[in-house]
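> According to the working numbering, the sequence shown holds residues 2 to 373 in order.
Positions of the beta carbon are idealized from the N, C-alpha and C atoms, including for glycine.
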Amino acid sequence: MSSPEFLNITREKFKRALEKESKPVYAWFSLNDACNLDCKYCFADARYVPSESQKAIKDSLSTQDVLNIIDNVAEAGTKSIMFAGGEPTLRKDLPQIIRYTSQFMDVAMNTNGYFLDRELLRELAYAGLTQVKVSIDGLQESHDWNRGEGSFERAVNAIKLCKEFGIPTVILIMTLSQLNHKELPEMIELAMKLGVDFTMVEFLPLGKASGKKEWALDREQRREMQRYLFKAQEKYGWQRIAFENRYIITEDEFCKRACADPLRPCGFFDFSVGCISGIYSYCISAEGKAVAGDIMEIEVGDLKKESLSDIWKNSEVFNLLRDREQLKGKCGKCNYRYVCGGCRRRAYTFTGDMMAADPGCWVDAGTCLEKE
Numbered sequence: 002m003s004s005p006e007f008l009n010i011t012r013e014k015f016k017r018a019l020e021k022e023s024k025p026v027y028a029w030f031s032l033n034d035a036c037n038l039d040c041k042y043c044f045a046d047a048r049y050v051p052s053e054s055q056k057a058i059k060d061s062l063s064t065q066d067v068l069n070i071i072d073n074v075a076e077a078g079t080k081s082i083m084f085a086g087g088e089p090t091l092r093k094d095l096p097q098i099i100r101y102t103s104q105f106m107d108v109a110m111n112t113n114g115y116f117l118d119r120e121l122l123r124e125l126a127y128a129g130l131t132q133v134k135v136s137i138d139g140l141q142e143s144h145d146w147n148r149g150e151g152s153f154e155r156a157v158n159a160i161k162l163c164k165e166f167g168i169p170t171v172i173l174i175m176t177l178s179q180l181n182h183k184e185l186p187e188m189i190e191l192a193m194k195l196g197v198d199f200t201m202v203e204f205l206p207l208g209k210a211s212g213k214k215e216w217a218l219d220r221e222q223r224r225e226m227q228r229y230l231f232k233a234q235e236k237y238g239w240q241r242i243a244f245e246n247r248y249i250i251t252e253d254e255f256c257k258r259a260c261a262d263p264l265r266p267c268g269f270f271d272f273s274v275g276c277i278s279g280i281y282s283y284c285i286s287a288e289g290k291a292v293a294g295d296i297m298e299i300e301v302g303d304l305k306k307e308s309l310s311d312i313w314k315n316s317e318v319f320n321l322l323r324d325r326e327q328l329k330g331k332c333g334k335c336n337y338r339y340v341c342g343g344c345r346r347r348a349y350t351f352t353g354d355m356m357a358a359d360p361g362c363w364v365d366a367g368t369c370l371e372k373e
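(1) Near ILE58, which residues of its chain fall below 8 Å by C-beta distance, leaving aside the five closest residues on each side in sequence?
(2) ILE99: beta carbon under 7 Å from a heavy atom of the ligand GDP?
(3) With GLN132 as the anchor, note down where its beta strand (DSSP E) starts and where it stops.
(4) Residues in the same chain with beta-carbon distance under 7 Å from THR102, minus the five sequence neighbours each way, listed in chain order, please.
(5) Which residue marks the beginning of the alpha helix (DSSP H) containing THR79, and which one marks its end?
(6) Using a Cβ-Cβ cut-off of 6 Å (strictly less than) and excluding sequence neighbours within five positions of VAL67, which residues of its own chain qualify?
(7) Taking the C-alpha atoms as reference points, what is the distance between LYS213 and PRO206?
(8) Since LEU304 contacts ASN73 with CB under 8 Å, what's their CB separation in whole angstroms?
(9) Which class does GLY343 belong to by DSSP, given the choice of helix, strand or coil?
(10) Out of GLU190, ASN181 and GLU187, which has the shortest C-alpha to C-alpha gap to PHE204?
(11) Could you give the distance in angstroms between the alpha-carbon of MET226 and the alpha-carbon of THR112?
(12) Please work out which residues of its chain come closer than 8 Å, Cβ to Cβ, to MET143, disregarding the five sequence neighbours upstream and downstream, and give them in chain order.
(13) Kindly give me the distance between the Cβ atoms of GLY342 and CYS276, rounded to whole angstroms, as I take these residues to be in contact under 8 Å.
(14) Unbroken alpha helix (DSSP H) runs of length 4 or more, entirely within the stretch 72–126: which are they?
(15) Between the beta-carbon of LEU62 and the beta-carbon of GLY302, is there less than 8 Å?
(16) Go ahead and label LYS134 buried or exposed: buried means 16 or more other beta carbons lie within 10 angstroms of its beta carbon, across all protein chains shown.
(17) In the DSSP output, which residue or residues are listed as bridge partners for GLU300?
(18) Distance, Cα to Cα, LEU38 vs SER4?
(19) Please report how far the alpha carbon of ALA210 lies from the alpha carbon of GLU6, in whole angstroms.
(20) Rounded to the nearest angstrom, how far is the Cβ of SER308 from that of ALA293, given a contact under 8 Å?
(21) Since TRP313 is in the alpha helix (DSSP H), which residue starts that stretch and which ends it?
(22) ASP198 and ARG241 look like a contact to me (Cβ under 8 Å); what is the Cβ gap, rounded to whole Å?
(23) Please report the distance separating the alpha-carbon of ALA126 from that of GLY86.
(24) For GLU221, which of helix, strand or coil comes out of DSSP?
(25) Taking only the alpha-carbon atoms, compute the straight-line gap between LEU162 and GLU235 and give it to the nearest angstrom.
(26) Comparing C-alpha positions only, which one of ASP311, LYS80 and ASP94 sits nearest to MET106?
Right under this line is the structure:
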């Protein structure tokens with residue numbers, strides 16, 4: 002199939018996917034901006050709260066604020082929500098929030114695991130928590146260097162307890178950077194040994210590490226990491242190994258054929274749209290603001306006052322994210338733009354423009370660009 006044919010077919014399928022299925026299905030909700038650990042590359046720039054001050058933490062959102070926001074997003078069609086922070090387990094009302102939310106959608110939680118003991122996990126499991134992601138950034142020395150002494154042991158123990166209490170899906174999530182990328186194979190092995198799934202996300206110079214661009218993987222490293230993870234999927238099963246897959250089209254021939262097949266359905270699991278920010282996903286800040294995908298700096302509405310349905314439909318930012326014709330630079334001319342779109346978070350982080358070319362893309366311009 003020629004490049005123009007591929008582009009035309011995927012353009013039409015992308016448009017049909019938007020018309021049929023573009024809904025705010027997946028949400029990431031920062032329940033607070035406080036944390037008991039002081040991680041060196043916390044993307045949320047969470048304020049560190051030592052143990053002696055944790056009882057006095059005042060959250061930006063009250064319990065009722067959170068429950069009202071849950072009503073708001075459920076009405077708009079949100080089906081799955083990830084509670085994060087800061088550190089969500091610092092909220093004393095977390096079981097109540099999960100119990101209420103689980104009436105409307107699947108509930109997951111991203112945590113450092115420090116406070117996940119038997120008593121709390123029993124409450125959370127009973128409340129309806131269906132997934133827990135525990136952050137572990139490398140082997141013990143690497144993890145404790147970043148998060149604090151003893152945090153590795155607490156995180157591993159939290160994973161074991163999640164399994165013990167029957168949380169349906171437990172995931173070890175690793176943030177990959179120049180500091181720890183050589184430990185990736187051992188971290189996958191650790192997850193498999195613990196009997197849980199593995200997810201890799203990439204470091205970006207945000208929050209507390211906003212001045213550390215040198216910690217980010219370069220293009221070729223990113224490509225090699227993805228290829229390694231493909232092999233891990235072949236070994237352990239694709240369901241158990243997850244990573245940023247918006248670039249899968251550049252490496253996977255099955256995905257290329259599926260996306261280029263005009264007769265294949267264009268549903269979420271049949272057709273890759275790549276970056277789903279503003280198409281299927283959005284985030285909520287610790288102040289209750291809807292934000293552009295995971296670009297926390299760009300607020301698009303106040304969920305304490307505005308309907309998510311209205312924000313989703315009318316936000317200029319969300320509509321811009323859905324318009325791949327507005328992508329700039331290499332991404333704007335790429336034949337894969339309707340099935341990839343690059344990472345808008347990475348583009349914004351490195352250039353200040355969420356529609357700029359993704360600076361982390363490794364694809365050779367000569368093989369992916371439209372012919373002039």
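The relevant details are as follows:
(1) Here residue 58 refers to the residue found at position 57 of the sequence shown. Excluding positions up to five away in sequence, the list reads ASN33, ALA35, VAL50 and LEU91.
(2) As far as ligands go, the structure on display features none, and thus does not contain the ligand GDP.
(3) Along the sequence shown, one-based indexing puts residue 132 at 131. Its beta strand (DSSP E) spans residues 132–136.
(4) Mapped onto the sequence shown, residue 102 falls at position 101. Closer than 7 Å at the Cβ level, and outside the excluded window around THR102, lie ILE71, ILE82 and VAL108.
(5) For the purposes of this step, residue 79 is identified with residue 78 of the sequence shown, where counting begins at 1. Premise fails: THR79 is in no alpha helix (DSSP H) and is neither H nor E.
(6) To locate residue 67, count along the sequence shown from 1; it is residue 66. If we look at VAL67 and ignore the five residues flanking it on each side, its Cβ neighbours are ILE98.
(7) Along the sequence shown, one-based indexing puts residue 213 at 212. Along the sequence shown, one-based indexing puts residue 206 at 205. Approximately 5 Å between the Cα atoms of the pair.
(8) One-based indexing of the sequence shown puts residue 304 at position 303. One-based indexing of the sequence shown puts residue 73 at position 72. LEU304 to ASN73, Cβ: 5 Å. Contact.
(9) Your numbering for residue 343 matches position 342 in the sequence shown. Residue state, collapsed to three classes: coil.
(10) Numbered from 1 along the sequence shown, position 203 holds the residue referred to as residue 204. Out of GLU190, ASN181 and GLU187, ASN181 has the C-alpha closest to the C-alpha of PHE204.
(11) For the purposes of this step, residue 226 is taken as residue 225 along the sequence shown, with counting starting at 1. For the purposes of this step, residue 112 is taken as residue 111 along the sequence shown, with counting starting at 1. Spanning the two alpha carbons is a distance of roughly 24 Å.
(12) Sequence index remark: in the sequence shown, residue 143 carries index 142 (1-based). Sequence check: residue 143 is Ser here, not Met. LEU180, ASN181 and GLU184.
(13) To locate residue 342, count along the sequence shown from 1; it is residue 341. To locate residue 276, count along the sequence shown from 1; it is residue 275. About 4 Å separates the two Cβ atoms, so the contact holds.
(14) 95–102
(15) Locating residue 62 in the sequence shown gives position 61, where the first residue counts as 1. Locating residue 302 in the sequence shown gives position 301, where the first residue counts as 1. Contact: no.
(16) The residue labelled residue 134 in the question sits at position 133 within the sequence shown. The residue in question, LYS134, is buried, as its Cβ has 16 or more Cβ neighbours within 10 Å.
(17) As a first step, residue 300 is located in the sequence shown; it is residue number 299 there, counting from the start. In the DSSP output, where bridge partners are listed per residue, GLU300 has VAL292.
(18) Residue 38 sits at position 37 when you count from the first residue of the sequence shown. Residue 4 sits at position 3 when you count from the first residue of the sequence shown. One C-alpha to the other measures close to 49 Å.
(19) Within the sequence shown, the letter at position 209 stands for residue 210. Within the sequence shown, the letter at position 5 stands for residue 6. Each residue's Cα considered, the two are about 43 Å apart.
(20) Sequence index remark: in the sequence shown, residue 308 carries index 307 (1-based). Sequence index remark: in the sequence shown, residue 293 carries index 292 (1-based). That pair is no contact at about 17 Å.
(21) One-based indexing of the sequence shown puts residue 313 at position 312. Where TRP313 is concerned, the enclosing alpha helix (DSSP H) stretches over 309–315.
(22) Numbered from its first residue, the sequence shown carries residue 198 at position 197. Numbered from its first residue, the sequence shown carries residue 241 at position 240. That belief holds up - the Cβ atoms of ASP198 and ARG241 are roughly 5 Å apart, short of 8 Å.
(23) On the sequence shown, position 125 is the one that residue 126 refers to. On the sequence shown, position 85 is the one that residue 86 refers to. The alpha-carbon atoms of ALA126 and GLY86 are separated by roughly 19 Å.
(24) Mapped onto the sequence shown, residue 221 falls at position 220. Helix at GLU221.
(25) As a first step, residue 162 is located in the sequence shown; it is residue number 161 there, counting from the start. As a first step, residue 235 is located in the sequence shown; it is residue number 234 there, counting from the start. Taking the straight line joining both Cα atoms gives about 28 Å.
(26) Start at 1 with the first residue of the sequence shown, and residue 106 comes out as number 105. Measuring from the Cα of MET106, the nearest candidate turns out to be LYS80.
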